[in-house]
Structures are given as C-alpha cells and as structure tokens.
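Using the UniProt record's numbering, the letters of the sequence shown correspond one by one to residues 1 to 272.
First comes the structure, then the notes that go with it.
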Amino acid sequence: MNAAGPNAEPSRGRGGQLAAQRQATIVAEVNGRGAITVAELVERFGVSDMTIRRDLDALDSSGLLHKVHGGATSVGLRSAHEPGFDAKLTQESSAKHAIAAEAARRVQPDSAIGIGAGTTTYAFARQLLRVENLTVVTNSARIADVFHGNSRSDRTVVLIGGIRTPSDALVGPIATAALQSLHLDMLFLGAHGVDAEHGLSTPNLMEAETNRAFIAASREVVLVADHTKWGTVGLSTFATWSDLDVVVTDAGLPAAARKSMRETGCDLIIAS
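Pasting the structure below:
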C-alpha cells in the first residue's frame, strides 16, 4: 500500500478538478470584464504561465472564450469589436478617476494639448477645468461638452470633425487633415488595447489613422489606460512604444506587465 505524505502531489482526479474550477473562474471573469491577460491570471491563481495558456487553449477549443495574444476575450469580443462609449463609461471607474487625476498634474497653464476620444480621457478632461489659459484640441464631442459646460474666457476648445465611431470618436480624412496643420505641446490618448509586442491598438481603422495624426502633431505623448487594457490587441496598431513618452495606469497592473512596460523605455506612472 502506498502512503501519501503531506507534500505529495494531488491525485490526477484532484488536479483535474482544480483545473476545471480554475477554468470556470476564468470564463466567468472574461465574460464579466470582456477581456483578461495571462499575467493577471498567473498572479491570481499562483500557477505558471504555461498552465494558464493551456487553460486558455482548452477554453478556446471549447468555444467558451477567444484566446488572443497575451490573454483572452469573451466570445463576442473580437479584434474588430468596438464597445460603445456608454458601455465602457462605468467600467473600472475608480481606476480611471485615479489615472485622470494623476495625468492632469502634468498639464501646465498656457499649454496647447490634444485629448483623444475615450472614457479615460473623458475623466481626464474633467480634471482640467481649473487649468488656466488652456487650448484643447479633441476629436470627442463628449470631451468638448465637458469644457463647454464650464466655459471660461481663457480657454479655447477646438473640436475636430469627422465620422463618428461607436465609442464617440470623430475620425477619418477630415479629422486627419485638420490635425496635420497643428502643433501641440502634449497629447493624452487612451487605447482599446495595450500590448508589449503590438503597442497601442484600436478596432477601428479610421480611428487608428486619426490617432497617428494626433501623435505626429504632438511633442509629448501620454497614454492613459487602466490595467484591463493590457494584453488586448485590436485590429489596427496606431502607436508603437517609441511613439510614447509617458504611461499612466492604475495599481491593478500586474507585476509582469509593469516589468514589460518599463522595458519599453517609457516613463511608467502608477496612479494610487
């Protein structure tokens, strides 16, 4: 008879049960959030990177989620899927508020800044209402309305026009052409996806083109994105890490992702 000591490996049945429980939790998390990264799952379950990747392979094969580079998305969320503004507005709201407050500290009076469309940049815009002598260029009607509702004689707001996306960005050749003649001190951009290999991405091809024009017009580029964006890859990359100067994110970013982000050479700021 074989006696099992206190440090013995779990039986095959017990191991299979643990894997099934872990995979069920992964599916629930992905369905609730829309996406999750391998790094987050490794940290959460205390297992190896390869174990998580095997879990994702199995769940992808079963049709329960969609495996992407660096993580997984829900079965209804593909690289070309673009959630609406209101759907994203309440997601990670406390993290977005912290990121917005931290990023706003970088804005000085008498600046000309660009603000890309998005819910994190929307929260950021609300933090700028007390900054004096500010010129704001944006392709978001929602962000323009933030400043319109708090009008000041020392503020100029330029709304770039274009075709409206589901996330309420105004994009396309008209927006791109307008940006080509501008010179901005700083640009604050969000992203649908943030990935060590693929940089910043969006599901919308025209939005990618407009964001590239925003970047080309700016002396300093700041990414504002919460930790859930890490590991997600959209249809089109609009910025590589060499295009960015600063990344402002929240404390939920896993340690492995922080290491990868620091290796890009950008200044990483964790908002508390």
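Even glycine gets a Cβ: it sits at the ideal position worked out from N, Cα and C.
Pull up the distance between the alpha-carbon of Val68 and that of Phe124, whole angstroms please. 29 Å
Can you tell which of Ser218, Trp230 and Gly162 has its C-alpha closest to the C-alpha of Leu182? Ser218
Using only the alpha-carbon positions, how far apart do Gly71 and Arg142 sit? Pairing Gly71 with Arg142, the inter-Cα distance amounts to about 31 Å.
Using a Cβ-Cβ cutoff of less than 6 Å, which residues in the same chain neighbour Met186 once the five nearest sequence positions on both sides are dropped? If the five residues before and after Met186 are omitted, its C-beta is found closer than 6 Å to the C-beta atoms of Ile113 and Glu220, all from its own chain and listed in chain order.
May I ask you to report which of helix, strand or coil DSSP gives Ile160? coil
Flag this pair as touching only if the region 147-164 and the region 123-139 have three or more C-beta atom pairs under 8 Å; answer yes or no. These segments touch.
May I ask you to report which of helix, strand or coil DSSP gives Leu205? helix
How close, in whole Å, do the beta carbons of Ala178 and Ala225 come, if the pair is a contact with beta carbons under 8 Å? Ala178 to Ala225, Cβ: 25 Å. No contact.
For Arg219, does the three-state DSSP call read helix, strand or coil? Strand.
Ala95 to Ser153, Cα distance in whole Å? Rounded to the nearest angstrom, the two C-alpha atoms are 32 Å apart.
Ordered along the chain, which non-local residues of its own chain (more than five positions away) have a Cβ less than 7 Å from that of Ala80? Because the pLDDT of Ala80 is 47, which lies under 50, any placement of that residue in the model is unreliable, and the number read from its coordinates should be weighed accordingly. Answer for Ala80: Pro203 and Leu235, listed in chain order.
In whole angstroms, what separates the C-alpha of Ala98 from that of Phe238? 25 Å
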